[in-house]
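Peer 1:
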Amino acid sequence: MGGVGEPGGGPAQLGATLPTFRWEQIRPHNLPGDKWLVIERRVYDISRWAQRHPGGSRLIGHHGAEDATDAFHAFHQDLNFVRKFLQPLLIGELAPEEPSQDGPQNAQLIEDFRALRQAVEDMKLFEAKPTFFAFLLGHILAMEMLAWLIIYLLGPGWVPSTLAALILAVSQAQSWCLQHDLGHTSILRKSRWNHVAQQFVMGQLKGFSAHWWNFRHFQHHAKPNIFHKDPDVTVAPVFLLGESSVEYGKKKRRYLPYNHQHLYFFLIGPPLLTLVNFEVENLAYMLVCMQWMDLLWAASFYARFLFSYIPFYGVPGALFLFVAVRVLESHWFVWITQMNHIPKEIGHEKHRDWASSQLAATCNVEPSVFLDWFSGHLNFQIEHHLPPGRPRPSSPRCRGTTTAGWPRWSRPCAPSTASATR
1 MGGVGEPGGG PAQLGATLPT FRWEQIRPHN LPGDKWLVIE RRVYDISRWA
51 QRHPGGSRLI GHHGAEDATD AFHAFHQDLN FVRKFLQPLL IGELAPEEPS
101 QDGPQNAQLI EDFRALRQAV EDMKLFEAKP TFFAFLLGHI LAMEMLAWLI
151 IYLLGPGWVP STLAALILAV SQAQSWCLQH DLGHTSILRK SRWNHVAQQF
201 VMGQLKGFSA HWWNFRHFQH HAKPNIFHKD PDVTVAPVFL LGESSVEYGK
251 KKRRYLPYNH QHLYFFLIGP PLLTLVNFEV ENLAYMLVCM QWMDLLWAAS
301 FYARFLFSYI PFYGVPGALF LFVAVRVLES HWFVWITQMN HIPKEIGHEK
351 HRDWASSQLA ATCNVEPSVF LDWFSGHLNF QIEHHLPPGR PRPSSPRCRG
401 TTTAGWPRWS RPCAPSTASA TR
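Per the UniProt record's numbering, the sequence shown runs over residues 1 to 422.
(1) Looking only at its chain, what residues have a beta carbon closer than 6 Å to the beta carbon of GLN179, apart from the 5 residues adjacent to it on each side?
(2) Can you check whether the CB of GLY183 is closer than 9 Å to the CB of HIS217?
(3) Based on the DSSP output, what are the partners of PHE132 in its beta bridges?
(4) Here's a check: name, in chain order, each residue in its chain whose Cβ is nearer than 8 Å to the Cβ of SER191, leaving out the five neighbours to either side.
(5) Taking the Cβ atom as the reference point for each residue, do PRO388 and PHE380 lie within a distance shorter than 9 Å?
(6) How many whole angstroms separate the CB atoms of LEU125 and CYS398, which I take to be in contact at a CB cut-off of 8 Å?
(7) Leaving out the 5 sequence neighbours to the left and right, which residues in its chain are closer than 8 Å to VAL235 when beta-carbon positions are compared?
(8) Who are the Cβ neighbours of GLU243 in its own chain at under 6 Å, not counting the five residues just before and after it?
(9) Since LYS84 is in the beta strand (DSSP E), which residue starts that stretch and which ends it?
(10) Check whether the Cβ atoms of PHE132 and ILE187 sit closer than 9 Å, and answer yes or no.
(11) Ordered along the chain, which non-local residues of its own chain (more than five positions away) have a Cβ less than 7 Å from that of HIS219?
(12) To which residues of the same chain is LYS223 closer than 8 Å at the C-beta, ignoring the five residues directly before and after it?
(13) Rounded C-beta distance between ARG22 and GLU98? I'm assuming under 8 Å.
(14) Below 8 Å, can you find three or more Cβ-Cβ pairs linking the segment 62 to 74 to the segment 31 to 48?
(15) Do ALA95 and THR20 have their CB atoms nearer than 9 Å?
(16) Nearest to LEU275 by alpha carbon, out of ARG83, LEU328, PRO28 and SER209?
(17) Going by DSSP, which residues form a beta bridge with LYS35?
(18) Looking at the secondary structure, which residues open and close the alpha helix (DSSP H) in which ILE268 lies?
(19) Could you name the residues of the same chain whose beta carbon sits closer than 6 Å to that of residue 454, not counting the 5 residues immediately before and after it, in chain order?
(20) Just the Cα atoms here: how many angstroms apart are TYR264 and LEU256?
(21) Of the choices ASP102, TYR44 and PHE81, whose alpha-carbon is the least far from that of PRO88?
(22) I want to know whether the segment 202 to 211 touches the segment 292 to 310 - three or more CB-CB distances under 8 Å.
(23) Pick helix, strand or coil for ARG216, following the three-state DSSP scheme.
(24) Beta-carbon within less than 6 Å of PRO396's beta-carbon, same chain only, minus the 5 sequence neighbours each way: which residues are those?
(25) Would you decide whether VAL233 is buried or exposed? Buried here means 16 or more other CB atoms lie within 10 Å of its CB.
(26) According to DSSP, is LEU371 part of a helix, a strand, or is it coil?
(27) Can you tell me whether GLY3 is buried or exposed, with buried defined as 16 or more other CB within 10 angstroms of its CB?
(28) Which residues in the same chain have their Cβ closer than 7 Å to the Cβ of TRP148, if we skip the five residues on either side of it in sequence?
(29) Buried or exposed, going by whether 16 or more other CB atoms sit within 10 Å of the CB of ARG352?
(30) Can you tell me the Cα-Cα spacing of TYR302 and PHE320, whole angstroms?
(31) Pull up the distance between the alpha-carbon of MET293 and that of ASN214, whole angstroms please.
(32) Look up GLU144 in the DSSP assignment and say whether it is helix, strand or coil.
(33) Do you know how far the Cα of ALA324 is from the Cα of PHE374?
(34) Assuming GLU93 is part of the alpha helix (DSSP H), what are its boundary residues?
(35) Assign GLU383 to one of two classes, buried (16 or more other C-beta atoms within 10 Å of its C-beta) or exposed (fewer than that).
(36) Specify the secondary structure class of ILE226 as computed by DSSP and reduced to three states.
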């Protein structure tokens, strides 16, 4: 083993003795142009390569100067393939006397979590379920067709139009759940197949970019409920969540009547999320990041929707139907994605280990056949966040395995509770 390395030594040569580093040497390397991370006790300089990271530079950058071992396992299916890209970035390893953790973390909890993940893998709960994908896609397409047939057979009156809008909203909400699973590469056996299917579902069935969704959503999984790292909770000054309410109070910032935000949340939050926020952010992402294929897929959705309904409503009526569907699905989307995050701890980076950070930010909601379908199995939020690539149908079995592990952990599991939906 070589002596303690000096920063900036460059990539290690194949077969050469690796220099060693202490955590105090690694921690300063968390700057935009100077970024190191640790995976399985090996130190990598990702400063230049981060821009080429398939998940985006922000995602990998959130783990700068940290032990990213569990995040590395959570986000990649074929670890041996990914390690080939790490080799040129290797600059050393942790000194033997250094702990694997980058802070005051519970080593026993980390060990227990990794054993738990291995147990889930041994139970084959990560195996893809293509037939489940076929069922989900089939019932989504059936609802799309049913909505059109209602207007075609009954005419564009208020009652048929309202019924069609409700059915389309259900279809759109279930499309969110399906593309979410595909983004986690948990439905089809090949990662590439999942991504292609996600582009179809997200683009043709919803009018959004799959790359944009993954860019946002993977950050949420990497750093759940962390300001400026999780886009889902970085919503100030419109809404104040967690620690931000205290910070705004101390600084006497009052842009809105925050003491009444629980009343106006459902007036401006869900209605404007997918209709305005997502539409603008999604289009900007596709143009700035030059995701032309996603743009074509999204355009095909709008072309299909308008072509299907303009003959019945005209342009203004078809656009009104579109807005109505977006507002309805937006409430559904906000409900199922936030019921198990907003009640939990929200604040700034605490530099916890993977398992602790996920447990601090998630809670389950009591399962039922209807709620499992309604939420896309996001009521099993703890099980989804600990190993995010696991297929939905295995959620109940996975829950039993994780629950059995809680008594050995110093941090108790957040209980399933219907109060999260109240």
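Glycine included, C-beta positions come from ideal geometry on N, C-alpha and C.
Peer 2: Quick look at the numbers:
(1) So the qualifying residues of the chain are GLN198, VAL201 and MET202.
(2) yes
(3) Beta-bridge pairing links PHE132 to no other residue.
(4) GLN77, ASP78 and THR185
(5) No, Cβ-Cβ distance for PRO388 and PHE380 is not below 9 Å.
(6) 5 Å
(7) LEU241
(8) Around GLU243: GLY347.
(9) Careful: LYS84 lies outside any beta strand (DSSP E), inside the alpha helix (DSSP H) at 79 to 86.
(10) yes
(11) Note that residue 219 is Gln in the sequence shown here, rather than His. Excluding positions up to five away in sequence, the list reads ARG58, LEU59, HIS62, LYS229, ASP230 and PRO231.
(12) HIS62, LYS229, ASP230, GLU349 and SER357
(13) 6 Å
(14) yes
(15) yes
(16) Comparing Cα-Cα distances from LEU275 to each of ARG83, LEU328, PRO28 and SER209, the minimum goes to LEU328.
(17) ASN30
(18) 261 to 272
(19) Nothing about residue 454 can be reported from this structure: the residues present for the chain run from 1 to 422 only.
(20) 10 Å
(21) TYR44
(22) yes
(23) ARG216 carries a helical assignment under DSSP once its states are collapsed to helix, strand and coil.
(24) The beta carbon of PRO396 sits closer than 6 Å to no other beta carbon from its chain once the five residues preceding and following it are set aside.
(25) buried
(26) helix
(27) Reliability fails at GLY3, whose pLDDT of 42 lies under 50, so the model's placement of it is uncertain and the value that follows must be treated cautiously. Label assigned to GLY3: exposed.
(28) Here the set comprises SER308.
(29) Under this definition ARG352 is a buried residue.
(30) 13 Å
(31) 15 Å
(32) GLU144: helix per DSSP, three-state reduction.
(33) 20 Å
(34) Looking at the DSSP string, GLU93 is not in any alpha helix (DSSP H); the run it does join, the beta strand (DSSP E), is 90 to 94.
(35) buried
(36) strand
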